[in-house]
Every structure is written in C-alpha cells, then in structure tokens.
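Chains as they are written, first to last, in the numbering used here: chain A, 473 to 664; chain B, 473 to 664.
There are 2 protein chains.
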Amino acid sequence: MATGTVPPGRPRDEKVGAALKSAALRLVRERGYQNVPVAAILKEAGVARQSLYNRWNTKADLVMEAFFEDAGTRVAPPAAGQGRSGRDELERFLNEVFDHLAAEDGTLRSLIAAAQSDPEFCRMFRERFVLPREALAVAFLAEAQRLGELPAGRDPEIMAAFLHGAFWYRLLSGQPLGPELARAIAGGIFGP
Amino acid sequence: MATGTVPPGRPRDEKVGAALKSAALRLVRERGYQNVPVAAILKEAGVARQSLYNRWNTKADLVMEAFFEDAGTRVAPPAAGQGRSGRDELERFLNEVFDHLAAEDGTLRSLIAAAQSDPEFCRMFRERFVLPREALAVAFLAEAQRLGELPAGRDPEIMAAFLHGAFWYRLLSGQPLGPELARAIAGGIFGP
DNA sequence: GCATTTAGTAGACCATAGTCTATTTACCAG
DNA sequence: CTGGTAAATAGACTATGGTCTACTAAATGC
C-alpha cells in the first residue's frame with residue numbers, strides 16, 4: 473500500500489507547517505487579514521519564505537487551511553425533531569453561526585474576497601467550507617419536511633441556498649448579522 | 473445658491489475623469505479586473521497617476537464608478553401584474569440579470585471582493601448597487617402580494633434577501649448562474 | 001562514504017497599488 | 001500684471017505578494 477512508500481529526499485518537517493498555520497491564525501485574528509503581511513507570519517513562525525510557498529500557493533491558502541482546521545466543529549448543526557420546533561432550531565443555529573462569525577471579525581469575508589481572484593482557491597473554499605454546510609442545511613430541511621414542519625412542495629436545495637445566501641449577502645454588503653436577521657430568516661423559511 | 477460659488481484654483485478637466493472611466497471600463501471588460509494594472513489604465517487614458525488618485529481612492533473605486541455609470545438600466549426591473557404571472561416575471565428578470573453578469577465576466581465578483589477590505593468602498597457599493605436593486609425587488613414582491621400571488625404572511629424584505637442572496641451565493645462560490653437557477657429561485661419564492 | 005533528491009534558509013528580485021515631491025498650467029481676485 | 005490656489009504631469013519612493021537563485025541539511029540507495 474501507499475503508506476509503505478517513502479518519497480526520496482529530505483522529508484518535510486511537520487513543525488514548519490504547523491508553526492506557519494498557528495502563526496497565521498493568531499496574527500490574522502489579532503490584526504485582521506489585510507493587516508498581516510506575509511513577512512510577519514514568516515517572522516512569527518521563524519521560518520523561511522520558501523517554506524510557506526512550498527506548501528501553499530498564496531497567503532489566502534495558508535490562512536484558509538489554518539482557519540478551517542481550527543474551526544472544526546464550533547457550532548452544533550441544526551437537528552430536526554429534538555423537542556424544539558424546526559423554526560426555533562434554525563433560529564438557534566443561525567444565532568450561533570452569527571456569534572462565531574462576529575468573533576472571527578472579518579476572516580471569512582477576507583477569504584471569500586480572496587476566492588474571487590483565484591479559481592483554485594475558490595474550488596477549495598467551496599469544497600471545504602460551502603458544500604459541507606450546505607449539506608447540513610439540506611439534510612435538516614428535508615427532515616423538517618418529513619416531519620411535516622415544512623410544506624412538501626418546497627425544494628430543500630433552494631431553501632438552503634436562500635438560507636445561506638441571505639446571510640452571505642448581509643455579511644458581504646457590510647450589514648450586521650444579529651438576532652433579528654436570524655429570526656427573519658427562520659420565519660422566511662418556515663413561515664411566520 | 474451654491475452653484476454660483478466657484479472654488480479657487482485650476483478647475484478640473486472633465487475629460488480627464490471621463491478618459492479614466494472609459495479606459496478602465498474597456499480594459500477591465502477585455503482582460504478582467506485582476507489583469508489590468510493601474511498603469512495600463514493611466515497609459516490608455518493618457519493621464520498622469522495623480523489625476524486618478526485626485527478623484528478616486530483606489531482602482532476599485534474607479535472601476536465601480538465606471539461600471540455602475542455604464543450599467544445604468546440594462547435590465548428591465550420586474551413588474552407585477554403585466555399579463556405574466558409574478559413567478560414568470562421573476563424568472564424572466566433573473567435570466568436577464570444572469571445574462572448581464574455573464575457578459576461582465578467577473579467584474580461584479582471583483583468589486584464585491586474589493587468591498588471586503590475597504591469599509592468606505594463597501595458603503596458606497598451598498599448604496600449605489602445593493603440597495604437600489606433590493607428596493608426594486610421588495611416593491612415587486614409587495615405588489616405580487618397585493619395581487620394575491622404571494623401569501624400575505626411573507627415578509628417582502630426577507631424574500632428579497634433570499635432572492636439576491638441565493639444568486640450572490642452561487643456567484644461568489646464559483647457556481648454558474650443559469651436558467652435552472654432562475655427557475656429554482658422563482659419557484660422557491662412563489663411556490664412550485 | 002558518495003550520489004541523488006527534496007526540504008529548509010537567506011536574501012535578491014519583480015510587479016503592482018498607492019503616496020509623495022517638484023514643476024507646470026489654468027483659473028480667479030485684486 | 002501679480003499672487004494665490006488647485007489641477008495636471010512626471011517620476012521617485014514605499015510596501016507587499018510572490019518568484020527565483022544559491023547554498024545547506026536530512027533522508028535514501030548504492
């Protein structure tokens with residue numbers, strides 16, 4: 473199997489990549505994506521420039537990996553039929569997501585921006601961030617439909633796009649994400 | 473009135489700004505936002521660097537103004553109660569918008585990206601692009617509601633956010649905008 | 001030990017957005 | 001005509017993302 477094969481040459485030092493990710497994450501959280509030059513990450517990680525570009529193509533690539541690796545599962549996904557109504561469950565979920573995004577303060581916006589000028593980055597962003605979250609939402613909506621909380625005629629896929637789109641739209645056009653929006657979205661999906 | 477007062481000093485040459493906007497628009501359409509250095513715009517316009525930064529703060533500012541000034545009214549806004557059903561009218565409108573965006577090939581994406589790192593630009597983008605379009609959609613949905621095509625309980629504001637959000641979301645996560653999406657969105661808003 | 005291969009380091013280098021300085025030009029008030 | 005003010009031009013300068021080159025270090029196979 474592939475695990476037995478060892479590539480020739482000096483092996484990568486795992487600590488180098490780890491130091492880069494951790495430095496990037498810390499600095500970006502402290503100062504914001506735009507205010508962290510690559511040089512600062514390198515200095516903080518104590519690593520040479522080339523070591524970054526051996527592993528990632530751009531600063532945005534590095535930050536995305538650091539960000540998503542860390543983000544792991546900070547927010548409990550919505551689950552239908554757990555005592556709460558689907559509507560309330562969706563509202564809870566959105567409020568948690570909004571809190572999380574507020575704490576990241578612009579990191580996600582920066583990454584979405586970076587994705588607009590780099591197709592490969594955009595693809596990765598979609599695979600690692602967009603699609604998993606969309607799948608969760610679709611599953612939740614389909615389950616709510618099965619439980620009769622949502623009219624059967626609705627298309628869960630497009631409802632999921634409405635859901636995510638509505639808050640991306642607010643986020644990217646510089647509007648605050650707050651409880652009112654969570655309530656409005658939940659109401660718009662499940663009916664008032 | 474204020475029109476009588478003339479500011480001191482040499483007056484701005486209207487041709488300079490016009491040349492910049494027209495050069496920016498043409499080059500960005502030809503080559504894409506990322507592939508047009510500021511120097512190229514300056515050379516094409518036959519104008520000095522400072523003349524650009526006298527008028528706009530960034531390249532994105534200039535391109536946005538050129539873009540929106542030109543975009544004017546390329547797409548007929550949706551109008552309820554004109555023979556077509558609200559659903560069909562919305563689908564038509566979305567298809568026109570998507571065609572227009574396809575022709576611009578990434579300009580809007582670039583501008584949204586630029587807005588993420590510049591609050592002032594973001595504000596202007598919101599005022600000059602987002603809000604007018606949102607207002608049109610809200611008016612259309614409210615009218616459809618008045619005509620009984622849309623249940624009275626729905627909130628036109630959040631429906632408009634769903635509508636725009638859904639295609640921003642697709643656009644920014646690198647998915648194609650096509651007739652299927654227009655149909656799905658129209659179906660999601662008006663019911664299948 | 002020696003050759004080969006790839007990782008890591010150091011630092012020069014390039015392209016580009018945006019700032020700053022010096023000089024000239026166009027308009028107004030007196 | 002002169003002085004003041006701001007626009008236009010030319011071009012140096014800075015900051016930064018990303019590339020390239022030269023050298024050193026750590027692994028493998030002989």
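Backbone N, C-alpha and C define an ideal beta-carbon position, used for all residues, glycine too.
- Here Arg501 of chain B carries a helix assignment [DSSP, helix/strand/coil].
- Here DSSP, grouped into helix, strand and coil, assigns Asn567 of chain A to helix.
- Not one beta carbon of chain B lies nearer than 7 Å to the beta carbon of Ala575 of chain A.
- Put simply, the CB of Val602 of chain B is near chain A, with a gap under 7 Å to one of its CB atoms.
- Remark: C-beta atoms of Val610 of chain A and Glu629 of chain A approach each other more closely than 7 Å.
- Using a Cβ distance threshold of 7 Å, Ala658 of chain B and Arg559 of chain B count as a contacting pair.
- Contact with chain B is absent for Ala511 of chain A, since none of that chain's Cβ atoms lies less than 7 Å from the residue's Cβ.
- Comparing C-alpha distances from Phe612 of chain B to each of B:Gly578, B:Glu563, B:Leu653 shows the shortest one belongs to B:Glu563.
- Out of B:Leu583, B:Ala587, B:Leu566, B:Ala512, the CA that lies nearest to the CA of Leu653 of chain B is found in B:Leu566.
- In this structure, Leu619 of chain B lies away from Gly578 of chain B, with their beta-carbon atoms at least 7 Å apart.
- In the three-state scheme derived from DSSP, where H, G and I count as helix and E and B as strand, Thr530 of chain A is classed as coil.
- For Ala638 of chain A, the three-state secondary structure derived from DSSP is helix.
- Pairing Phe540 of chain B with Leu492 of chain B, the inter-Cα distance amounts to about 14 Å.
- Pro604 of chain B: member of the alpha helix (DSSP H) spanning 603-618, first to last residue.
- One thing to note: Asp542 of chain B has its Cβ within 7 Å of the Cβ of Leu497 of chain B.
- As the crow flies, the alpha-carbon of Leu622 of chain A is around 17 Å from that of Asp627 of chain B.
- Rounded to whole angstroms, the gap between the alpha carbons of Arg655 of chain B and Ala585 of chain B is 27 Å.
- Contact note: Ala656 of chain A reaches chain B through Asp627, Glu629, Ile630, Ala633, using a C-beta cutoff of 9 Å and chain order.
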